[in-house]
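Q:
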Amino acid sequence: MRSLVVYCFFYASLTFGVWTALLLAYFHHSHVSSQHKQAQEPSSVLSPGRKGSQQVLDITEPMLDPRERWLDRDRPKRRSILPPMRNTNFNFSNPEHLDELSKYGFNAIVSRRLGGLREVPDTRDKTCYHKVYPVQVLTASVIICFHNEEFNALLRTVSSVLYLTPPYFLQEIILVDDKSEFADLQGKLEYHMEVLQRNIKLVRNKQREGLIRSRMIGAQHATGDVLVFLDSHCEVNQVWLEPLMAVIAENHHAVVCPSIDVIDAMTLEYRASPPARGAFDWGLRFRWDTVFSYEMDGPDGPNPIRSPAMAGGIFAIYKQYFYEIGQYDKGMELWGGENVEISLRIWLCGGQLLVIPCSRVGHVSKQHLETDPAIRKAMLRNSLRVAHVWLDEYKDNFFLQNPAWRRVPHGDLSERLALRRRLRCRPFRWYLDTLFPDLEAFMDGERDEREPSP
Ligand code: UDP
Ligand code: MN
60 MRSLVVYCFF
70 YASLTFGVWT
80 ALLLAYFHHS
90 HVSSQHKQAQ
100 EPSSVLSPGR
110 KGSQQVLDIT
120 EPMLDPRERW
130 LDRDRPKRRS
140 ILPPMRNTNF
150 NFSNPEHLDE
160 LSKYGFNAIV
170 SRRLGGLREV
180 PDTRDKTCYH
190 KVYPVQVLTA
200 SVIICFHNEE
210 FNALLRTVSS
220 VLYLTPPYFL
230 QEIILVDDKS
240 EFADLQGKLE
250 YHMEVLQRNI
260 KLVRNKQREG
270 LIRSRMIGAQ
280 HATGDVLVFL
290 DSHCEVNQVW
300 LEPLMAVIAE
310 NHHAVVCPSI
320 DVIDAMTLEY
330 RASPPARGAF
340 DWGLRFRWDT
350 VFSYEMDGPD
360 GPNPIRSPAM
370 AGGIFAIYKQ
380 YFYEIGQYDK
390 GMELWGGENV
400 EISLRIWLCG
410 GQLLVIPCSR
420 VGHVSKQHLE
430 TDPAIRKAML
440 RNSLRVAHVW
450 LDEYKDNFFL
460 QNPAWRRVPH
470 GDLSERLALR
480 RRLRCRPFRW
490 YLDTLFPDLE
500 AFMDGERDER
510 EPSP
């Protein structure tokens, strides 16, 4: 009987020992693999390891030196979590809400709730995480022009640049106020920029110049080597500037655009967009064109994409090159057409225009601009200037869109035509044959609604 008790005790202890050992081995393994997984995931600047989240950060508290915050990228500074994005608080039967929508072009209720800074999801392709960019000496001046922008959207543009740009790159941020009338863009904006305690220059236009001349005014104040233009309702993503600067450092004649993510105009949700190239039709209207993955996949991640045109507001260019190729056409008014003009000039006069898929910047696609009669008039005038200077014999295709455009005045073009001769630019035929053969197929665009007369 005694030996039976000893026997049972022996086997019970053995079973207990084996189970304990197995459990210990299991817990050890899961601890090690979670550490390993964390090391593989990209670290988020504001909240490491949390992807897909949208966080609001309070920037009204006393600001630390953003340089420290940037270096401090692995320590999260969480404040509060944004309520679900589905709740836009927007009421389409409320006239005040509708007024604001047309005033700002997007839902300002959510924008105010988001405040001056939030975290956005890292939308880069995984292969971008491991890219190493050479340390180099170029500095960047970030130029942001605005006219009657929603205050918090502008603040988020500036703050996201400050948080996510390595300080050694960032020479300064230049804000060009194109004669805004909104009260909060006056003293309150100045106060907030001072609180940030960084090199932020605020230039106020005495009269409204339009975004094209405003960008040139911004460039005049730039002291960095590279000009980086952003719209006033952008949020840059992680490691956004390094890939752009790396390409420009290698080739001063490369003009580079990030891949542009969508910030939804109603929910302000930040969503990844597939990399795309810019294009346009014979009405010189910009459009996106799909890029298939086989076109850009390289052994070390996505390659730069040759783009016939840029979307407009978001690109980087070596400053000296910006001046060499003739900046912008200062005869253009307000808005529109300048993106197609500078794209044609870059390609036809010896440069390259590239979309860099590993660089990502979010942009609110506003909804209201093209309904403004002044903007429509400016768009037509600007497009006419592009057609007359750059399209050669193909400008007939442009006028086929609307024959009445032939009678619309476009101002003096002699300076731009002289620039084209001086730079010894190629004929438009080259652009069609080499870079953008698909344009030939766009012959029958829908009828263009831009005003036919001034
Ligand atoms: N803008 C400006 N002056 C103007 C029109 C626009 O400074 O007369 C600014 C505007 O506030 C924005 C940028 O230029 O920051 C680009 O304009 P928008 O975002 O309306 O153009 P889109 O994104 O639709 O091309
Ligand atoms: Mn914009």
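Just so we're aligned: 448 in my numbering is position 389 of the sequence shown, and the numbers increase by one with no gaps anywhere.
Glycine residues also receive a C-beta, built at the ideal position from the N, C-alpha and C atoms.
Hey, is the stretch 232-239 in contact with the stretch 202-212, meaning 3+ C-beta pairs nearer than 8 angstroms?
A: Touching, yes.
Q: Compute the distance between the beta-carbons of L197 and V285, then report whether it is under 7 angstroms.
A: Taking the sequence shown and counting its residues from 1, one reaches residue 197 at position 138. Taking the sequence shown and counting its residues from 1, one reaches residue 285 at position 226. Result yes, Cβ atoms of L197 and V285 sit closer than 7 angstroms.
Q: For S218 versus G175, is the C-beta spacing smaller than 7 angstroms?
A: By one-based count along the sequence shown, residue 218 stands at place 159. By one-based count along the sequence shown, residue 175 stands at place 116. Yes, the pair counts as a contact, with Cβ atoms nearer than the cut-off.
Q: Apart from the five residues on each side of it in sequence, which residues of its chain come closer than 8 angstroms, Cβ to Cβ, to K378?
A: As a first step, residue 378 must be located in the sequence shown, where it is residue number 319. S200, A278, A281, G283, D284, V285, L286, listed in sequence order.
Q: Compare the C-alpha of R330 against each of G337, D340, W341, S318 and name the closest.
A: Residue mapping note: residue 330 aligns to position 271 of the sequence shown, counting from 1. The candidate whose alpha carbon is nearest that of R330 is S318.
Q: CA-CA distance, R466 and F495?
A: The count along the sequence shown starts at 1 and reaches residue 466 at position 407. The count along the sequence shown starts at 1 and reaches residue 495 at position 436. Their backbone Cα atoms lie some 29 angstroms apart in a straight line.
Q: Near K9, what residues of its chain come up, given a Cβ to Cβ distance below 8 angstroms and the 5 sequence neighbours on each side ignored?
A: Any answer about residue 9 is impossible in this case: the structure gives the chain only from 60 up to 513.
Q: Which residues in the same chain as H156 place their Cβ atom closer than 6 angstroms to its Cβ, once the five residues preceding and following it in sequence are excluded?
A: As a working note, residue 156 is residue 97 in the sequence shown. So the list reads F149, N150, once near-sequence residues are dropped.
Q: Can you tell me which of P361, W464, S424, L343 puts its alpha carbon nearest to the alpha carbon of V445?
A: On the sequence shown, position 386 is the one that residue 445 refers to. When each option's Cα is compared against that of V445, the closest is L343.
Q: Which partner residues of V306 appear in the DSSP bridge assignment?
A: The sequence position of residue 306 within the sequence shown is 247, counting from 1. Its beta-bridge partners do not exist; DSSP assigns none.
Q: Take A305 and list the residues in its own chain whose beta-carbon comes closer than 8 angstroms to its own, dropping the five residues that flank it on each side.
A: Translated into the one-based positions of the sequence shown, residue 305 becomes position 246. Only Y192, P193, Q195 meet the Cβ criterion.
Q: Let me check you understand the geometry: is the CB of G470 closer than 6 angstroms to at least one non-hydrogen atom of the ligand UDP?
A: The sequence position of residue 470 within the sequence shown is 411, counting from 1. Not under cutoff, so the answer is no.
Q: To the nearest whole angstrom, what separates the beta carbons of P302 and I415, a pair I think is in contact under 8 angstroms?
A: Position 243 of the sequence shown holds residue 302. Position 356 of the sequence shown holds residue 415. Right, their Cβ atoms sit about 5 angstroms apart.
Q: Might you give, ordered along the chain, the residues of its own chain that have their beta carbon closer than 8 angstroms to the beta carbon of W42, omitting 5 neighbours on each side?
A: Lying before the first or after the last residue shown, residue 42 is absent from the chain, which here runs from 60 to 513.
Q: Taking all protein chains shown into account, decide if G269 is buried (16 or more other Cβ within 10 angstroms of its Cβ) or exposed.
A: For the purposes of this step, residue 269 is taken as the residue at position 210 of the sequence shown. Buried, by the Cβ-count rule.
Q: Between the alpha carbons of R483 and I322, how many angstroms are there, rounded?
A: Counted from its first residue, the sequence shown places residue 483 at position 424. Counted from its first residue, the sequence shown places residue 322 at position 263. The straight-line gap from Cα to Cα measures roughly 40 angstroms.
Q: Over what stretch of residues does the beta strand (DSSP E) that includes L229 continue unbroken?
A: Position 170 of the sequence shown, counted from the start, is the residue given in the question as residue 229. Run containing L229: 229-236, per the beta strand (DSSP E) assignment.
Q: For Q411, which residues does DSSP report across the bridge?
A: Taking the first residue of the sequence shown as position 1, residue 411 is located at position 352. Beta-bridge pairing links Q411 to A313.
Q: Less than 6 angstroms separating the Cβ of D290 from some heavy atom of the ligand UDP?
A: Looking up residue 290 in the sequence shown gives position 231. It does: the Cβ of D290 is within 6 angstroms (strictly closer) of some heavy atom of the ligand UDP.
Q: Should A368 and G337 be called a contact, given that it needs their Cβ atoms to be closer than 7 angstroms?
A: In the sequence shown, the residue the question calls residue 368 occupies position 309. In the sequence shown, the residue the question calls residue 337 occupies position 278. Contact flag set, yes.
Q: What are the start and end residues of each continuous alpha helix (DSSP H) run of 4 or more residues lying completely inside the stretch 259-297, in chain order?
A: The qualifying runs are 269-279.
Q: Mapping DSSP to helix, strand and coil, what is R506?
A: Position 447 of the sequence shown, counted from the start, is the residue given in the question as residue 506. At R506 the pLDDT is 49, less than 50, meaning the model places this residue with poor confidence and gives no usable figure here.
Q: Buried or exposed for A500, please, with buried defined as at least 16 other CB atoms from any protein chain shown within 10 angstroms of its CB.
A: Here residue 500 is taken as the residue at index 441 of the sequence shown, counted from 1. Burial call: exposed.
Q: Quick one: is W489 buried, meaning 16 or more other Cβ sit within 10 Å of its Cβ, or exposed?
A: Your numbering for residue 489 matches position 430 in the sequence shown. When all chains shown are included, W489 counts as exposed.
Q: Say the cut is 6 angstroms; is the CB of H312 nearer than that to a heavy atom of the ligand UDP?
A: Position 253 of the sequence shown holds residue 312. No, the ligand UDP has no heavy atom inside 6 angstroms of this Cβ.
Q: In angstroms, rounded to a whole number, what distance separates the CA positions of E294 and P226?
A: One-based indexing of the sequence shown puts residue 294 at position 235. One-based indexing of the sequence shown puts residue 226 at position 167. Cα-Cα distance, rounded: 17 angstroms.
Q: Going by Cα to Cα distance, which pick from S352, S152, I376 is closest to E309?
A: Along the sequence shown, read from residue 1 onward, the residue named residue 309 stands at position 250. E309 has its Cα closest to that of I376, out of S352, S152, I376.
Q: Under a Cβ-count criterion, where at least 16 other Cβ atoms within 10 Å of its own Cβ denotes burial, should H189 be classed as buried or exposed?
A: Along the sequence shown, one-based indexing puts residue 189 at 130. The residue is exposed, with fewer than 16 neighbouring Cβ atoms inside 10 Å.
Q: For the pair the stretch 359-367 and the stretch 460-478, tell me if three or more CB-CB distances fall below 8 angstroms.
A: Counting Cβ pairs under 8 angstroms, fewer than three are found: no touch.
Q: Leaving aside the five residues before and after F457 along the sequence, list all residues of the same chain whose C-beta is less than 8 angstroms from its C-beta, in chain order.
A: Taking the sequence shown and counting its residues from 1, one reaches residue 457 at position 398. So the list reads W341, G342, L343, S442, A446, L450, W464, once near-sequence residues are dropped.
Q: Given a cut-off of 7 angstroms on the beta-carbon distance, is the pair A437 and E392 in contact?
A: Counting from one through the sequence shown, the residue named residue 437 turns up at place 378. Counting from one through the sequence shown, the residue named residue 392 turns up at place 333. Yes, these two residues count as a Cβ contact at 7 angstroms.
Q: Since I believe T349 is in contact with A335 (beta carbons under 8 angstroms), could you give me their beta-carbon distance rounded to a whole number of angstroms?
A: The sequence position of residue 335 within the sequence shown is 276, counting from 1. The sequence position of residue 349 within the sequence shown is 290, counting from 1. A335 to T349, Cβ: 6 angstroms. Contact.
Q: Answer yes or no: the CB of G372 versus the heavy atoms of the ligand MN, is any distance below 6 angstroms?
A: Translated into the one-based positions of the sequence shown, residue 372 becomes position 313. The answer is yes for G372.
Q: Measuring straight from C-alpha to C-alpha, what distance separates A324 and K425?
A: Numbered from 1 along the sequence shown, position 265 holds the residue referred to as residue 324. Numbered from 1 along the sequence shown, position 366 holds the residue referred to as residue 425. Straight-line Cα distance between these residues: approximately 6 angstroms.
Q: In the DSSP assignment, find the unbroken alpha helix (DSSP H) run with A446 in it and report its ends.
A: In the sequence shown, residue 446 corresponds to position 387, counting from 1. It spans 432-449 - the alpha helix (DSSP H) in which A446 sits, taken as one unbroken run.
Q: Per DSSP, A338 is paired with what?
A: Within the sequence shown, the letter at position 279 stands for residue 338. The partner list for A338 (beta bridge, DSSP) reads R346.
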